[in-house]
Amino acid sequence: MKKLFIFIAFMCSSQCFSGEYIYESSASSNIKEIIFTDGSKFSLIEVHGSWTDNLGRYGSTFCYGKIEGNKEGVNLEATCEQKDDKGNKFWTALIRQSDMDAGAGKATYIDATGPYINMIGTTCNYAVKYLEKLLFYKQRCNIPEDIYKILRDYK
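So the sequence shown is numbered by the working numbering: it starts at -10 and just counts up by one.
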């Protein structure tokens, strides 16, 4: 029993204690689309905007993506490049299957510089809402405490 407790305590020390990283972005989008006779669409999207996080950082964001949709919903795949106020960058791959007007998906960190290197491979949940050519994006990540501290303490 004592060994089981030690094992659980050890596993918990690396996984149970996590920090929540919250990233929010507002951006403008430019969509070019082809509409088929059945009403389905193929679109290319380009996004330019700004972001902030719950650690006081801010920066710019730029994305390219494709959207395939029909009456039931859309499939979106996009790649984004974010740059913070210190010049560090991180790249994310977004995947979403939902309504075009709003939806939720997954964002995966695929490359990075500076403190964000520690986020590579992390997958986070996000939600997005559109208003005309504007989009509002919010992402939440539960990350290990040690990575959270690296991001938080980076100067």
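We put the beta carbon where it would ideally sit given N, CA and C, even for glycine.
{"Check": "How about Leu44 and Leu140: do their beta carbons lie closer than 7 Å?", "Outcome": "yes"}
{"Check": "Between the Cα of Ile84 and the Cα atoms of Cys52, Ser7, Lys144 and Trp40, which residue gives the shortest distance?", "Outcome": "Cys52"}
{"Check": "Quick check on the DSSP output: what are the complete alpha helix (DSSP H) runs of length 4 or more inside the region 87 to 143, in order along the chain?", "Outcome": "134 to 142"}
{"Check": "Quick one: residues in its chain with C-beta nearer than 8 Å to the C-beta of Leu123, no 5 flanking neighbours on either side, listed in chain order?", "Outcome": "Ser15, Ala16, Ser17 and Ser18"}
{"Check": "Leaving out the 5 sequence neighbours to the left and right, which residues in its chain are closer than 6 Å to Asp73 when beta-carbon positions are compared?", "Outcome": "Arg46 and Gly48"}
{"Check": "For the beta strand (DSSP E) holding Leu33, just list the boundary residues, first then last.", "Outcome": "Lys30 to Asp42"}
{"Check": "Straight-line CA distance for Thr26 to Asn59?", "Outcome": "11 Å"}
{"Check": "Taking only the alpha-carbon atoms, compute the straight-line gap between Thr81 and Thr68 and give it to the nearest angstrom.", "Outcome": "6 Å"}
{"Check": "Residues in the same chain with beta-carbon distance under 6 Å from Ala96, minus the five sequence neighbours each way, listed in chain order, please.", "Outcome": "Thr81, Leu83, Cys113, Tyr115 and Gln128"}
{"Check": "Please say whether Thr102 and Lys75 have beta carbons closer to each other than 7 Å?", "Outcome": "no"}
{"Check": "Roughly how many angstroms lie between the CA atoms of Ile132 and Thr41, to the nearest whole one?", "Outcome": "18 Å"}
{"Check": "For Asn64, name the three-state secondary structure that DSSP assigns.", "Outcome": "strand"}
{"Check": "Spell out whether any CB of chain C is found under 7 Å from the CB atom of Phe51.", "Outcome": "The structure shown has no chain C; it contains just one protein chain."}
{"Check": "Might you give, ordered along the chain, the residues of its own chain that have their beta carbon closer than 6 Å to the beta carbon of Glu13, omitting 5 neighbours on each side?", "Outcome": "Thr41 and Lys127"}
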